[in-house]
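The sequence shown begins at 4 in our numbering and counts up one residue at a time. The beta-carbon is built from N, C-alpha and C at its ideal position, and this holds for glycine as well. Remember, predicted model here, so these are calculated numbers, not experimental data.
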Amino acid sequence: MKMLQAVALLFALSISVYAREVDFNREVRPILSDKCFRCHGPDKKHRKAKLRLDLEASAKDPKKKAVVPGNTKDSELVYRITTDDEDDLMPPPDSGKSLSPKEKKLLSKWIAEGASWSEHWAYVPPRKHELPKVKQTGWPANWIDSFTLRHFEENEQGPAPDADPVTLVRRLHFDLIGLPPEPKVVEAFAANPSPKAYEALVDQLLASEHHGERMASYWLDLVRFADTVGYHGDQDHSITPYRDWVIDSFNDGLPFDQFTREQLAGDLLPKPTTDQTIATGYNRLLQTSHEGGVQAKEYVAMYAADRVRNVSEVWMGATMGCSQCHDHKYDPYTGKDFYAMAAFFADVDDTAHLKNGSNSLPTRRDPEINVLNRRQREDLAKLEKSITAKETLHAKAADPKLQAEIKTLKAERDKLKKATRKTMITKATKPRVTRILPRGDWLDESGPMVEPAIPSFMGNLTSGKRLTRLDLANWLTDADKGAGKLTARVLANRLWYLLFGQGLAPDLTDFGG
C-alpha cells in the first residue's frame with residue numbers, strides 16, 4: 004500500500020547532477036545517444052570521422068582525444084560542444100540537434116571526474132543488492148519500500164500519506180480487474196480496513212475471471228491483436244480463440260516462460276495440445292493484404308519485419324525495427340541481426356493466404372483449425388464420460404429409460420461439437436531463404452543469406468542444426484544462458500507502468516532509449 008503511494012512521487016523528483024558524481028548510464032549515455040550516436044554510433048555507414056562515442060575504447064582513444072579522462076582542456080568533445088565556431092560545433096547546427104547549457108556542463112563535469120564508463124544498463128544482468136539503510140525504519144512494508152524511501156531521504160522528501168480505505172479499495176479494483184468495486188464491497192472494506200482484510204481482497208480479485216480479462220486486454224494490445232486484417236477492405240479474420248487462450252492463461256497463472264514458448268513455438272512442442280496450438284495464433288497477428296494485385300515477395304518481407312519489431316519490442320524492449328535498412332544508430336543491433344531474427348520465422352507460410360484469400364467474411368487465412376473453447380471442451384469431455392458410463396450399464400441390462408437418456412446426451416454432444424470456431428494457427432513448413440535486404444528493399448536480392456541467430460552482441464546460440472522458433476523462445480526465457488533476465492525486466496517494467504502509470508524505465512518499447 005505504501006509502495007503504491009510513493010512511486011509517483013519518486014519519479015517526479017528532480018535530482019541535482021552537481022551535488023554528486025555524474026552517473027554515466029543515467030545521465031551521460033542518454034545525451035550521447037540522443038545527440039551524438041547518429042553520426043558517432045553503431046551505424047558504420049553513417050559514421051563520421053571514424054569516431055564511435057558508444058564504445059569506451061573509441062571515445063577514449065589517445066590518438067583521437069575525443070574524451071581525455073580528467074582533462075576537459077584536452078578533450079575534443081568539450082571543445083566541440085562549447086565552441087562558438089559553427090564549423091566545429093557539435094552537434095552541427097544543421098542536424099536539428101543541440102545541447103542545452105545544463106547538458107554541456109554535465110558532460111564537462113563527467114570528463115573532469117574521470118569519464119567513468121558503464122556497460123549499457125539495459126543489457127547488464129540484474130543482481131541482488133543489499134537493502135539500503137534508511138532513517139524511517141518503521142515505514143517500509145517490503146524491500147521495494149526500502150529502496151523507494153532511500154530516494155526520498157536522499158532528496159529530503161517524504162512519502163505521501165496513506166490512502167483512505169475508499170480510495171484504496173477503488174484503486175485495487177481498477178488495478179486488478181479493471182472495474183469499479185460494488186458499493187457493498189467498498190462499505191465492507193471501509194468498516195474493516197485491516198491488513199488481513201486487504202490481503203483477502205487482493206486474493207479475491209486475483210481469483211476473479213475479470214483479472215485475466217484485465218491483464219489480457221493489455222497483452223493483446225502489445226501483440227497487436229485484432230479481429231480484422233487491417234488493410235484495404237479490413238475484412239474479418241478468425242482469431243478469437245487466441246484471445247480466450249490469453250485470458251485463460253492469466254487466470255490460470257501460466258508461467259511466463261511457458262506463456263512465451265507456446266505463443267512463439269507451440270506447434271514445435273512434442274505432441275502439442277489444443278491450447279498450445281491455439282496459442283501459436285500469435286505468429287499470425289499482423290496486418291495482411293488480400294488485394295488481388297499483391298506482390299508476394301513484398302508482403303512476405305513486410306510480414307517478416309513486422310514480426311521482428313513485435314518480438315523485439317514486447318520481449319526485449321528493443322527497437323530492432325530500426326535495423327531493417329541499416330545498423331541501429333543508437334543500440335548495438337546490426338542489419339544482419341535484424342534479418343537473422345526474421346529467419347526464425349521463415350517456416351511460417353505467409354503465401355498461403357495470398358493464394359487462397361478472398362473478400363469473404365471472415366477472410367480465409369490458412370492454416371486454420373476449428374476448435375471449441377476450453378469450457379466447451381470440458382463440457383464435451385463430461386458428456387462423453389457420461390455416455391460411456393450409461394452405455395456400459397445399458398449393455399449389461401437393457402433399459403428403455405437409460406437408452407433415452409443416452410440418446411439425449413448424444414444429441415447434446417453432437418450439438419456442442421457443431422459450436423466450434425475457426426482460428427488461425429502456425430504450422431511449420433520448410434523454411435524459406437532469408438537474405439539481408441539492402442536498405443530494406445524487397446526487390447534487391449543481392450544481399451547474403453542468413454540463418455536464424457540471436458543478436459551478435461548478446462552471445463551465440465547453437466544447437467548443432469538450424470535454429471527454430473522454439474530455440475528462440477527458450478533463449479528469451481533462459482535466465483542463466485539466455486535473455487531471460489532482460490525479458491523479465493522488460494515485463495516487470497510493463498507491469499510497473501500498468502499499475503503506476505509510469506515505468507521504471509520510461510520508454511517501454513525502447514528499453515535502452
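On a CA-only basis, which of R312, D417, L464 and N286 is nearest D513? Give me that one, please.
Here residue 513 is taken as the residue at index 510 of the sequence shown, counted from 1. Checking every option, the nearest Cα to that of D513 belongs to R312.
Check each candidate in K404, K107 and D64 and name the one with the smallest Cα separation from R83.
For this step, residue 83 is matched to residue 80 along the sequence shown. Among K404, K107 and D64, the Cα nearest to that of R83 belongs to K107.
Short check: CB of Y280 to CB of V232, under 9 angstroms?
As a working note, residue 280 is residue 277 in the sequence shown. As a working note, residue 232 is residue 229 in the sequence shown. First, the amino acid is wrong: residue 280 is Thr here, not Tyr. Not a contact, by the Cβ cut-off of 9 angstroms.
Starting from the C-beta of A9, find all residues in its chain whose C-beta is less than 6 angstroms away, skip the five residues before and the five after it, and write them out in chain order.
Here residue 9 refers to the residue found at position 6 when the sequence shown is read from its first residue. Note on A9: pLDDT 39, under 50, position unreliable in the model; the coordinate value appears next. Contacts found: T151 and P162.
Neighbourhood of T263 by C-beta, 8 angstroms cutoff - its chain only, sequence neighbours within 5 removed:
The residue labelled residue 263 in the question sits at position 260 within the sequence shown. So the list reads W318, A476, L479, T480 and T490, once near-sequence residues are dropped.
For the alpha helix (DSSP H) holding N313, just list the boundary residues, first then last.
For the purposes of this step, residue 313 is taken as residue 310 along the sequence shown, with counting starting at 1. From DSSP, the alpha helix (DSSP H) with N313 extends over A299 to M319.
Are L225 and E316 closer than 9 angstroms when you measure CB to CB?
The count along the sequence shown starts at 1 and reaches residue 225 at position 222. The count along the sequence shown starts at 1 and reaches residue 316 at position 313. Yes, the pair counts as a contact, with Cβ atoms nearer than the cut-off.
Backbone CA spacing between V137 and N145 [nearest angstrom]
As a working note, residue 137 is residue 134 in the sequence shown. As a working note, residue 145 is residue 142 in the sequence shown. Each residue's Cα considered, the two are about 13 angstroms apart.
Taking the alpha-carbon positions, what's the A508 to T423 distance?
Locating residue 508 in the sequence shown gives position 505, counting from the first residue. Locating residue 423 in the sequence shown gives position 420, counting from the first residue. When rounded, the distance between both Cα atoms is 43 angstroms.
Rounded straight-line distance, which links the Cα of H293 to that of A495
As a position in the sequence shown, residue 495 is number 492, starting the count at 1. As a position in the sequence shown, residue 293 is number 290, starting the count at 1. About 38 angstroms.
Name the residue from K274, W124 and L446 whose alpha carbon lies nearest to the alpha carbon of E301.
Counted from its first residue, the sequence shown places residue 301 at position 298. Considering only alpha carbons, the answer is L446.
Let me confirm a value: A31 is counted as buried when at least 16 other C-beta atoms fall within 10 Å, else exposed. Which label applies?
Taking the sequence shown and counting its residues from 1, the one referred to as residue 31 is at position 28. Reading the sequence as shown, one finds Val at residue 31 and not Ala. Flag for V31 reads buried.
To the nearest whole angstrom, what separates the beta carbons of A268 and R41, a pair I think is in contact under 8 angstroms?
Reading the sequence shown from its first residue, position 265 is the one you call residue 268. Reading the sequence shown from its first residue, position 38 is the one you call residue 41. Actually they are not in contact, since the Cβ atoms of A268 and R41 sit about 36 angstroms apart, beyond 8 angstroms.
Nearest to G467 by CA position, among V249, E454 and E24, is which residue?
Indexing the sequence shown from 1 puts residue 467 at position 464. When only C-alpha atoms are compared, the closest one is E454.
Can you check which of these residues, K421, M427 and E387, is closest to E408 by C-alpha distance?
Locating residue 408 in the sequence shown gives position 405, where the first residue counts as 1. Residue E387 is the option with its Cα nearest to E408.
Could you check if A11 is buried or exposed, using at least 16 other CB atoms within 10 Å of its CB as the buried criterion?
Your numbering for residue 11 matches position 8 in the sequence shown. Low local confidence applies: a pLDDT of 38 at A11 is under 50, so the model's placement there is unreliable, and no value is given.
Alpha carbon to alpha carbon, what distance is there between P168 and R153?
Stepping through the sequence shown from its first residue, residue 153 is reached at position 150. Stepping through the sequence shown from its first residue, residue 168 is reached at position 165. Cα-Cα distance, rounded: 26 angstroms.
For L208 and V493, I'd like the C-alpha separation in whole angstroms.
Locating residue 208 in the sequence shown gives position 205, where the first residue counts as 1. Locating residue 493 in the sequence shown gives position 490, where the first residue counts as 1. Each residue's alpha carbon lies about 25 angstroms from the other.
Strictly by DSSP, which residues pair up with G233?
To locate residue 233, count along the sequence shown from 1; it is residue 230. Bridge partners of G233: T291.
Return the first residue and the last residue of the beta strand (DSSP E) that V374 is part of.
In the sequence shown, residue 374 corresponds to position 371, counting from 1. Per DSSP, V374 belongs to the beta strand (DSSP E) from E371 to V374.
Spatial distance of W248 from A384 (CA atoms)
For the purposes of this step, residue 248 is taken as the residue at position 245 of the sequence shown. For the purposes of this step, residue 384 is taken as the residue at position 381 of the sequence shown. Whole-angstrom Cα-Cα distance: 18 angstroms.
Is the distance from the Cβ of T437 to the Cβ of A308 below 9 angstroms?
Looking up residue 437 in the sequence shown gives position 434. Looking up residue 308 in the sequence shown gives position 305. No; because the gap between Cβ atoms is not below 9 angstroms, this pair is not in contact.
Among V127, I147 and D46, which one has its Cα closest to the Cα of L134?
Indexing the sequence shown from 1 puts residue 134 at position 131. Nearest C-alpha to L134: I147.
For E59, which residues from the same chain have a beta carbon less than 8 angstroms from its beta carbon, with the 5 sequence-adjacent residues on both sides left out?
Numbered from 1 along the sequence shown, position 56 holds the residue referred to as residue 59. Answer for E59: W120, listed in chain order.
Is the stretch 395-411 close to the stretch 337-356, with three or more CB pairs under 8 angstroms?
no
Reducing DSSP to helix, strand and coil, say where M93 ends up.
Walking along the sequence shown from the start, residue 93 turns up at place 90. Coil at M93, not helix or strand.
In the DSSP assignment, what residue or residues form a beta bridge with M452?
Sequence index remark: in the sequence shown, residue 452 carries index 449 (1-based). The partner list for M452 (beta bridge, DSSP) reads R438.
Along the chain, where does the beta strand (DSSP E) that runs through M344 open and close?
Taking the first residue of the sequence shown as position 1, residue 344 is located at position 341. Per DSSP, M344 belongs to no beta strand (DSSP E); it is in the alpha helix (DSSP H), G338 to A346.
Residues in its own chain within less than 7 angstroms of V70 by CB, not counting five upstream and five downstream?
Within the sequence shown, residue 70 is the residue found at index 67, counting from 1. Correct list, in chain order: A62, K63, S78, L80, I114 and A118.
For H240, which three-state DSSP category applies?
Translated into the one-based positions of the sequence shown, residue 240 becomes position 237. In the structure shown, H240 sits in a strand (DSSP, three-state: E or B).
Here's the rule: buried if 16 or more other CB atoms are within 10 angstroms of the residue's CB, otherwise exposed. What is N286?
Residue 286 sits at position 283 when you count from the first residue of the sequence shown. The residue in question, N286, is buried, as its Cβ has 16 or more Cβ neighbours within 10 Å.
When L109, C39 and Q298 are compared against P94, the one with the closest alpha-carbon
Looking up residue 94 in the sequence shown gives position 91. When each option's Cα is compared against that of P94, the closest is C39.
Does the distance from the CB of I428 to the CB of T283 come in under 9 angstroms?
The count along the sequence shown starts at 1 and reaches residue 428 at position 425. The count along the sequence shown starts at 1 and reaches residue 283 at position 280. Cβ distance < 9 angstroms, so I428 and T283 count as in contact.
In this structure, does DSSP put T512 in helix, strand or coil?
Within the sequence shown, the letter at position 509 stands for residue 512. T512: coil per DSSP, three-state reduction.
Could you have a look at T354 and say whether DSSP puts it in helix, strand or coil?
Residue numbering aside, residue 354 sits at position 351 when the sequence shown is read from its first letter. Residue state, collapsed to three classes: coil.
Close beta carbons around G485, own chain, < 6 angstroms, minus the five adjacent residues each side
Here residue 485 refers to the residue found at position 482 when the sequence shown is read from its first residue. Result list for G485: W478, in chain order.
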